Amino acid sequence: MTLIQFIAFATLTFFHCLTCAQLIPPPSTGISLSLNLISALSPQSPIYPGNLSPSERIQKMLQISEARIMYLTSTMFHNDEMFSTNTLQHRRFYAYFAKISLGSPKQSQFLAVDTGSGLIWTQCQPCVNCYNQSIPIFDPQSSTSYKKLLAGDPHCKENQTKQIVKPDCSYELVNNGESLTIGFASTETFTFLNNKGQEFTLPNIVFGCSNNNTRMPFVGTKVSGVLGLNTAPFSLGIQLKEKISNTSRFSYCLHSSSQPEKDSTSLLKFGKGAVFPNGKKYQTTSILKNNFNDYQLSLESISIGEQPVTFPPKTPAVGRNGTFLDFGSIVTFMETDPYNVVMEKFDEYYRSIGHRRVSPPPETEGKFDHCYNYGGNMENFVSMTYHFNGNASLKVDPLQLYLVIGDAFCVTIISSKSFTGTDFTVIGALHQQNTRFVFDLDKNVVQFAPEDCSKDK
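Count the sequence shown with mature numbering (1 follows the signal peptide of the UniProt record, and there is no 0) and you get residues -21 to -1, 1 to 436, in order.
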């Protein structure tokens, strides 16, 4: 899969650490490293849309999700029409960002964080065709640690990755034959902070120095590129795993977006810090091998409250086309046939307790099909649980499962086929909030457990 994906981490305490020693930990010790994930809608965001009303926030969440699902469809299922029309209309199809420093001396850049991308890349001078960026574009000529990879470098083998295949170590990310970003594979020194304010300087991180970019979604913003986090060889997680022992895990715990004032940052942790609190029980499911190097899970069934959903015999299995964990989409998309059965169960439950189904509020632009009259509290709201391979169950509490909009509340699940004409399931950021996810890249598993993410330190 060829995805353009972006990720960046915010080093908010950097200026307090000017006298900190730059640390490259011995390989045997590993590291504990954390980055700030910045919500697209927070004031710290490099694409901050301004102080939005509740209705405007919902519209923006849906726009991000719509653009994201159409982008994923265009890259995974080669439906380029989806990408060239609606996606560019909304332009912003990433939900979290971060700030990084690269080079010697350091140059700060904002990247979009994406678990579906396998390459770290940023715009680079001198530009052949760079989009307008509101902060200075990275200049490798100003860095003493920058190195452009040359023909014959082992990193540039064609079988290493689909993204770097040319003899001169150039790369080209494309979407159905149309170039999106072109540049040269390079290495550079990246500087990170852990959550204690300690500075870690890691040399020779492979990244893409992109000097020819088209159809980019971040024109006029501070965002300069992508920080890939999937299982491809040049993603950040895999590079850390290969370079430093005991650094094969990363984790995140997304804050609830029900309280806008608290959604500014979540933490993305690597290495020794990517663990559950002592004594915390967690569940484990395998990551499926797939052509996209994404985090695709085997979803076996769904429950509404304590009641398993029984699918008719001819209903295609839920998750039959794969179920992706993707916080680039805010809401969740589900394959159509299972979606219809699940939504019918929601209808039955709320009808039984006196909540009538109502027309979707205008703010949803008709995207949520199943909304009900709101009685003023969530006391009787029912939860939903995803059941994965390995007897691993992810419970989505009402606070993450519904959006209250005026006198109505809506289930935050959309039929993917109604948007894209293609059936697949994506569990978005809302359904992942207040749960810690730990990705173990050695064992090829995802572990998760409920947690109050606002207390994550």
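Glycine included, every Cβ here is placed at the ideal spot set by N, Cα and C. Nothing here was measured: the structure is a model prediction, and the numbers come from that model.
Contacting residues, own chain, Cβ-Cβ under 6 Å from residue i (five flanking each side not counted)
i	result
L380	M363
P182	T168
Q426	Y261, T263, V417
L304	Y274, I406
K85	T170
R194	L159
D435	C232, L246
N111	V198, G199
Y125	P119, E167
K248	S13, S230
T302	L276, L278, T404
A253	R228, F229, S230, V417
Distance between residue j and residue i (C-alpha atoms, nearest Å)
i	j	result
E191	S18	The question names Glu, but residue 191 in the sequence shown is Asn. Between N191 and S18, the C-alpha separation is close to 27 Å.
V405	Y328	24 Å
Y274	L420	11 Å
P119	C103	7 Å
V417	T311	20 Å
V320	K39	28 Å
C109	F117	11 Å
A74	S122	30 Å
I309	G95	14 Å
K324	E221	46 Å
G355	G385	10 Å
P5	G82	Interpretation of P5 is limited by its pLDDT of 46, a score under 50 that renders its predicted location unreliable; the figure taken from the coordinates is listed afterwards. If I take the Cα positions, the gap works out to 21 Å.
R336	Y351	4 Å
I283	L152	41 Å
L129	T101	19 Å
K422	H334	45 Å
T315	I393	9 Å
R36	L20	8 Å
G131	N30	51 Å
I332	S338	18 Å
I161	G187	9 Å
P105	S87	17 Å
M357	Y50	34 Å
Under 8 Å between C-beta atoms of residue i and residue j
i	j	result
I48	F398	yes
N270	A211	no
F213	L98	yes
E342	S34	yes
G207	L215	yes
F347	C389	yes
A387	P340	yes
S395	M322	no
P25	F89	yes
H349	D326	yes
L378	T391	no
F403	V202	no
L276	I266	yes
Chain-order list of residues whose beta-carbon lies under 7 Å from that of residue i (same chain, five-residue window excluded)
i	result
P287	S280
Q218	I184, V185
L233	S245, F306, A408, Q411, Q412, C432
V424	T263, T264, S265, I266
C135	L128, I143, C148, A164
N257	none
Sequence-distant residues of its chain with Cβ nearer than 8 Å to residue i (five each side left out)
i	result
A428	F255, K259, K260, Y261, Q262, T414, R415
S235	K241, D242, L378, Q379, Q412, N413, C432, S433
P291	V320
N370	Q262
Reference residue i, options the options, closest by Cα
i	options	result
S227	S338, G250, M357	G250
P133	V185, C106, C389	V185
E285	S372, K222, P339, S53	S372
L12	T193, S394, S230	S230
I114	M322, P292, T200, G176	T200
Y353	R330, N370, F403, E344	R330
S149	I393, C106, S189	S189
T166	K127, E358, D147	K127
G400	I223, T52, K422, S124	T52
G345	E45, N30, P22	E45
N368	M357, V297, T315	V297
V107	Q42, S338, F163	F163
V92	K136, Q42, N15, G252	N15
I79	T180, G301, S338	T180
Y365	P105, G176, K374	K374
K268	N209, C135, P105, G187	N209
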